[in-house]
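Number of protein chains: 2
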Amino acid sequence: MSIERVRRRRRTPDEARLEALVCARARLLSGGPDSVTLKAVADDLGMTHANLIHHFGSAEGLQSALMGSMVADLSRDLETAIARLRTDEGAPLELVTAVFDAFAVGGAGKLAAWIVLKGDLSHLEPVRDAVNGLVQVIQEKLGDPSDASRDRLSSAVLFIALSAFGEALIGTPLRNMLDQDEDASRQVVAGLLPYFVARSERAS
Amino acid sequence: MSIERVRRRRRTPDEARLEALVCARARLLSGGPDSVTLKAVADDLGMTHANLIHHFGSAEGLQSALMGSMVADLSRDLETAIARLRTDEGAPLELVTAVFDAFAVGGAGKLAAWIVLKGDLSHLEPVRDAVNGLVQVIQEKLGDPSDASRDRLSSAVLFIALSAFGEALIGTPLRNMLDQDEDASRQVVAGLLPYFVARSERAS
DNA sequence: GATGTAACTAACACTAATGTCAATAGAGCG
DNA sequence: CGCTCTATTGACATTAGTGTTAGTTACATC
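Sequence order for the protein chains is A and B. Letter by letter, the first sequence follows residues 1 to 204 in this note's numbering. Letter by letter, the second sequence follows residues 1001 to 1204 in this note's numbering.
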């Protein structure tokens, strides 16, 4: 019997990086940062860890690329949500739902947890534009471009983002502790948002 | 010249565990979970890593003990905050400040991040009593023990806790992105709380 | 002061993760 | 086909963290 020689697959650099990042993300979300090692990811993809080093330079390079790609995805999700809100008429619940969904998919909660524990806050930078875009779109909806209004809306976005991050991180166990429904968090935040708008309009 | 023999220090088991946990916590908060290794903690304390294994059984035992002690501290801080609120007359800002402080000191944000990434949600269990105690104290203040009121207050506590966790985790970078003050988060949450109370009273 | 308990150390072995390097082979191109 | 480029491999070295074991010493008790 002849020796079966596994035919080696040759990917383009972009393909290889993309596959690796998809796999690494799945590992991060299911098993935590310690489970995204060169060997584990390489085994999942059917390649050697040396090849991953070839594509990412080092283990740290892979992690950094993963952070970058996840943050980019979060920003993109937020941007599209903003774009959709800009066209539709936006009830508060829709706005809140859009933001919460953006944080929920892709594991933004665990992403943020990982980044904070690592201390690499610089990776969060792309989020800056996204959240400020959020302030912008709300301001447009209210039609009040005054600076005082913008500051107030900024704190509203801060409040929504904090809640969304918190929900993405520990929403599930916390809601269980308090006997609250799955969508309790976004219901609460959406229910509070009108007061923000009202106070904002009154201030103008 | 004679060989300097370092006099070996003998601690009680409680002393040793306490010192180790204090050191391990500092390491977790400053350098992340990967920096709390047996050797690193042992070096900080001037002992060998074998001795830490003697006291905690294993590296995982040390980590588990650290989670337990930090969660216990958080619960204790929340309980004392609740006790103080029970006696004083509690303006919303004081309530919110008490909860936010409880999450801020001791690094509850990074603690939660660590627990979630590890997947050991069982370690959060002691928090259950604390948050439910929070619901209780607010209900007492409002003097309305109806079930409908309790559910509404539960969602209020959920909302406060989510915000406090979010603030503890990524409050600083997020506030920077939005040009918000250091105490913007608690100001916002405190400012929203009256609407909760009002709607709760109206519902009774 | 003698003795026993156990906190503590030193030196070892084991494993897993990372990184290096020469060699191999897949794919485009003349 | 023959050639080149580089994605990919396999084997190796290195390091760090963990765990084990036999022995040492501090301290309490008699």
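Think of the CB as a built atom: it goes at the ideal place given N, C-alpha and C, for glycine as much as any other residue. Predicted, not measured: the structure shown is a model, and the values here were computed from it.
is_contact[residue i, chain A] using C-beta, thresh 8 Å
| i | result |
| --- | --- |
| Leu-1124(B) | yes |
| Glu-1167(B) | yes |
| Pro-1145(B) | no |
| Ser-1064(B) | no |
| Pro-1173(B) | yes |
| Arg-1211(B) | Chain B is shown only over 1001 to 1204; residue 1211(B) falls outside these bounds and no answer can be derived. |
| Ile-1138(B) | no |
| Leu-1192(B) | yes |
| Ile-1170(B) | yes |
| Met-1001(B) | For Met-1001(B), the predicted model reports a pLDDT of 47, less than 50, meaning its position is unreliable; a value from the coordinates is still stated below. Not an interface residue. |
| Arg-1202(B) | Because Arg-1202(B) sits at a pLDDT of 46, beneath the cut-off of 50, its placement in the model cannot be relied upon, and the following sentence gives the value as read from the coordinates. For Arg-1202(B), the answer is no, since every Cβ of chain A falls outside 8 Å of its Cβ. |
Cutoff 8 Å: residue i Cβ touching any chain B Cβ
| i | result |
| --- | --- |
| Lys-141(A) | no |
| Asp-44(A) | no |
| Leu-178(A) | yes |
| Ile-82(A) | no |
| Phe-159(A) | yes |
| Gly-119(A) | yes |
| Leu-38(A) | no |
| Ser-69(A) | no |
| Val-41(A) | no |
| Asn-205(A) | The requested residue 205(A) does not occur in the structure, where chain A is confined to residues 1 to 204. |
| Ser-75(A) | no |
| Ala-113(A) | yes |
| Leu-78(A) | no |
| Ala-96(A) | Looking at the sequence provided, one finds Val at residue 96(A) rather than Ala. Taking Cβ atoms only, chain B never reaches closer than 8 Å to Val-96(A), which makes this a no. |
| Leu-162(A) | yes |
| Ala-59(A) | no |
| Ala-184(A) | yes |
| Ser-155(A) | yes |
| Tyr-195(A) | yes |
Cβ-heavy atom distance, residue i to the ligand ADP, below 7 Å
| i | result |
| --- | --- |
| Ala-42(A) | No copy of the ligand ADP occurs in the structure displayed, which carries no ligand at all. |
Environment of residue i [buried if 16+ CB atoms lie within 10 Å]
| i | result |
| --- | --- |
| Glu-167(A) | buried |
| Pro-145(A) | exposed |
| Ala-112(A) | buried |
| Arg-84(A) | exposed |
| His-123(A) | buried |
| Pro-1161(B) | One detail in the question is off: residue 1161(B) reads as Ala in this sequence, not Pro. With 16 or more other Cβ atoms within 10 Å, it is buried. |
| Pro-1033(B) | buried |
| Met-1070(B) | buried |
| Ala-102(A) | buried |
| Arg-1186(B) | buried |
| Ala-1050(B) | exposed |
| Leu-1193(B) | buried |
| Ala-91(A) | exposed |
| Ala-203(A) | Its pLDDT being 44, under 50, Ala-203(A) is placed unreliably by the model, and nothing is read from it. |
| Ala-1108(B) | buried |
Test item: CB-CB of residue i and residue j under 8 Å
| i | j | result |
| --- | --- | --- |
| Val-116(A) | Lys-1110(B) | yes |
| Ala-40(A) | Thr-48(A) | no |
| Arg-17(A) | Leu-1158(B) | no |
| Gly-1106(B) | Asp-1077(B) | yes |
| Arg-1008(B) | Leu-1066(B) | no |
| Leu-155(A) | Ala-1184(B) | Inspection of the sequence shows that residue 155(A) is occupied by Ser rather than by Leu. Yes; because the gap between Cβ atoms is below 8 Å, this pair is in contact. |
| Glu-1019(B) | Leu-1045(B) | yes |
| Gly-1133(B) | Ile-1082(B) | yes |
| Ala-190(A) | Val-96(A) | yes |
| Leu-1038(B) | Leu-1021(B) | no |
| Leu-1169(B) | Leu-169(A) | yes |
| Val-188(A) | Met-1177(B) | no |
| Val-1131(B) | Arg-1086(B) | no |
| Leu-121(A) | Pro-1173(B) | yes |
When you check each C-beta in the stretch 1019-1036 of chain B against every C-beta of chain A, which residues fall closer than 9 Å? If the cut-off is 9 Å between Cβ atoms, the stretch 1019-1036 of chain B has Leu-1028, Ser-1030, Gly-1031, Gly-1032, Pro-1033, Asp-1034 near chain A.
Those runs of the alpha helix (DSSP H) which lie wholly inside the stretch 98-170 of chain A and span at least 4 residues: Complete alpha helix (DSSP H) runs here, min 4: 108-118, 125-142.
Below 9 Å between beta carbons is the criterion; list the residues of the stretch 1098-1113 of chain B that meet it against any residue of chain A, in chain order. Answer set for the stretch 1098-1113 of chain B: Gly-1109, Lys-1110, Ala-1112, Ala-1113.
Fully enclosed by the stretch 1031-1101 of chain B, which alpha helix (DSSP H) runs are 4 residues long or longer? For the stretch 1031-1101 of chain B, whole alpha helix (DSSP H) runs of length 4 or above, ordered along the chain, are 1038-1045, 1049-1056, 1059-1087.
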